[in-house]
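**Student:**
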Amino acid sequence: MNPTPTSPELDTAWARLRTVIDPEIGLNLVDLGLVYSVELKEGALDVAITLTTRGCPMHDMIVEGCRRALEGIPGVRESNIHVVWDPPWNPEMMSAEAKRQLGR
Numbered sequence: 090m091n092p093t094p095t096s097p098e099l100d101t102a103w104a105r106l107r108t109v110i111d112p113e114i115g116l117n118l119v120d121l122g123l124v125y126s127v128e129l130k131e132g133a134l135d136v137a138i139t140l141t142t143r144g145c146p147m148h149d150m151i152v153e154g155c156r157r158a159l160e161g162i163p164g165v166r167e168s169n170i171h172v173v174w175d176p177p178w179n180p181e182m183m184s185a186e187a188k189r190q191l192g193r
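Quick note: the sequence shown uses the working numbering, first residue 90, plus one each step.
1. Determine the DSSP secondary structure at aspartate 135, reduced to helix, strand or coil.
2. Do threonine 84 and valine 172 have their C-beta atoms closer together than 8 Å?
3. Straight-line CA distance for alanine 187 to aspartate 120?
4. What is the rounded straight-line gap between the Cα of glycine 165 and the Cα of tryptophan 103?
5. Would you mind giving the Cβ-Cβ distance between leucine 106 and cysteine 155, rounded to the nearest angstrom? I have them listed as a contact below 8 Å.
6. DSSP three-state label for leucine 123, please.
7. Pick from Leu99, Ile114 and Pro163: whose alpha carbon is nearest that of glutamate 128?
8. If you draw a straight line from the alpha carbon of aspartate 111 to that of glycine 132, how long is it in whole angstroms?
9. Alanine 158 and threonine 108: beta carbons closer than 8 Å?
10. Tell me the rounded alpha-carbon separation between glutamate 113 and glycine 144.
Rendered as structure tokens:
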């Protein structure tokens, strides 16, 4: 999904989520297309992510990585990370750069 930041808080959130690396693939979650949305409502970030597969053994590590990356953003009092499965992730959701890095 393409991020469409509309505020300094959202710009910062998307930038920080780019620092969260999928430990099995070695690329950031945004370029992998695993971050579906980031919304700010009354000081709370609601972030919808997915994983490449259900039952991913890195589930907790990735969710915690997102939480840590989003800590301390001015104007944000909490971050809620939601793992969703709809739409199902597929490799076509990756950025052109991620596809290039993975030889696609």
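Using N, Cα and C, we set each Cβ at its ideal position, and we do this for glycine too.
**Tutor:** Once the coordinates are examined:
1. Note: aspartate 135 maps to strand in three-state DSSP.
2. An answer regarding residue 84 cannot be provided, because it is not within the stretch 90 to 193 covered by the chain.
3. The straight-line gap from Cα to Cα measures roughly 6 Å.
4. Reading off the sequence, residue 165 comes out as valine, not glycine. Each residue's alpha carbon lies about 13 Å from the other.
5. Indeed they touch by this definition, with Cβ atoms about 6 Å apart.
6. Here leucine 123 sits in coil by DSSP.
7. For glutamate 128, the closest C-alpha among the options Leu99, Ile114 and Pro163 is that of Leu99.
8. Their Cα atoms are separated by approximately 27 Å.
9. At the C-beta level, alanine 158 and threonine 108 come within 8 Å of one another.
10. Per the coordinates, the alpha-carbon of glutamate 113 lies some 14 Å from the alpha-carbon of glycine 144.
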